[in-house]
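Undergrad: Numbers 221 to 381, taken from the numbering used here, label the letters of the sequence shown in order.
Sending over a structure as structure tokens; questions will come in a sec.
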Amino acid sequence: MKTTHHCLECGQPISGGVSEFSQQLYGHPLCMKDQWLLGESGATAQAVDLYLALKSRNFPVVLEYFDGRRHVDIALPGKLYIELNGKYHQAITQAMTGLSNAVYATEKKIPTIMISYAMLDNPRTFARVVDELSKACRVMSKPLTEFSVACAPPFTAAQLQ
Numbered sequence: 221m222k223t224t225h226h227c228l229e230c231g232q233p234i235s236g237g238v239s240e241f242s243q244q245l246y247g248h249p250l251c252m253k254d255q256w257l258l259g260e261s262g263a264t265a266q267a268v269d270l271y272l273a274l275k276s277r278n279f280p281v282v283l284e285y286f287d288g289r290r291h292v293d294i295a296l297p298g299k300l301y302i303e304l305n306g307k308y309h310q311a312i313t314q315a316m317t318g319l320s321n322a323v324y325a326t327e328k329k330i331p332t333i334m335i336s337y338a339m340l341d342n343p344r345t346f347a348r349v350v351d352e353l354s355k356a357c358r359v360m361s362k363p364l365t366e367f368s369v370a371c372a373p374p375f376t377a378a379q380l381q
């Protein structure tokens, strides 16, 4: 029985050879076009790994998302931002830019979760980060339901007679 492989990103069928190569390189089956796009995205290897782990759990995340003002490492557009930081963001100017961007996200009421590169470099903590971010994505993906309730004051003894 021949197994059909599909690209994690676009869902298109891919050959066994392309799937095997992609599995070795990215840990997930990806078509050649999406492998190229990931390579050209400018995202760090840790960001790509985290993005693919969340994507494999069927969350509609976007890598290197542009929100109109800045690029976010990974986003659940309009609902959640995931920023990676650590040893690659040590400069004071980068830290100030990060602070300014966090304030902007707060103004837009979009929660931002900061993840350290050190947490992503360890396989055990990487798995834990993916589990916790999956919970956050699940919560943020739920439709917002608002209920409007009007309450009348309780009846008095005179009204009940």
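Backbone N, C-alpha and C define an ideal beta-carbon position, used for all residues, glycine too.
Below 8 angstroms on the Cβ atoms is my contact criterion, and I expect ASP293 with LEU340 to pass it. Report the Cβ-Cβ distance as a whole number of Å.
TA: In fact, because the Cβ distance is near 11 angstroms, the residues do not count as touching under 8 angstroms.
Undergrad: Using CA atoms only, rank isn't needed, just tell me which of CYS227, SER235, ILE330, LYS329 is closest to TYR246.
TA: When each option's Cα is compared against that of TYR246, the closest is CYS227.
Undergrad: I'd like the span of the beta strand (DSSP E) that includes PHE286, first residue to last.
TA: Its beta strand (DSSP E) spans residues 282-286.
Undergrad: What does the alpha-carbon distance come out to for the pair SER261 and ASP254?
TA: Approximately 10 angstroms between the Cα atoms of the pair.
Undergrad: Could you give the residue range of the beta strand (DSSP E) that holds ALA214?
TA: Outside the shown range of the chain, which is 221 to 381, sits residue 214, and nothing can be said about it.
Undergrad: Beta strand (DSSP E) containing THR224: first to last residue?
TA: Segment: none, THR224 is in no beta strand (DSSP E) and carries neither H nor E.
Undergrad: Closest to ARG348 by CA distance: which of LEU274, ALA295, ARG290 is it?
TA: Minimum Cα distance to ARG348 is reached at LEU274.
Undergrad: Can you have a look at CYS230 and say buried or exposed, based on whether 16 or more other CB atoms are within 10 angstroms of its CB?
TA: It counts as exposed.
Undergrad: Comparing alpha-carbon positions, which option in ASN278, ALA267, SER276, ARG277 lies nearest GLU284?
TA: Selected option, being the one with the closest Cα: ALA267.
Undergrad: Which value, in whole angstroms, describes the spacing of the CA atoms of HIS248 and ILE234?
TA: Near 12 angstroms, if we compare the C-alpha coordinates of ILE234 and HIS248.
Undergrad: For VAL281, is the classification buried or exposed, using 16 other Cβ atoms within 10 angstroms of its Cβ as the cut-off for buried?
TA: Looking at its Cβ environment, which holds 16 or more other Cβ atoms inside 10 Å, VAL281 is buried.
Undergrad: Give the DSSP-derived three-state secondary structure of LEU258 in the structure shown.
TA: Reduced to three states, the DSSP call for LEU258 is helix.
Undergrad: Quick test of your reading: LEU300 and THR264, contact by CB under 8 angstroms. State the CB separation rounded to the nearest angstrom.
TA: At roughly 19 angstroms, the Cβ-Cβ gap does not stay under 8 angstroms, so LEU300 and THR264 are not in contact.
Undergrad: At what residues does the alpha helix (DSSP H) containing LEU353 begin and finish?
TA: Looking at the DSSP string, the run of the alpha helix (DSSP H) that includes LEU353 is 343-361.
Undergrad: Given a cut-off of 8 angstroms on the beta-carbon distance, is the pair PHE279 and CYS357 in contact?
TA: Closer than 8 angstroms, so yes.
Undergrad: Cα separation between TYR271 and GLY236?
TA: Approximately 23 angstroms, taken between the alpha carbons.
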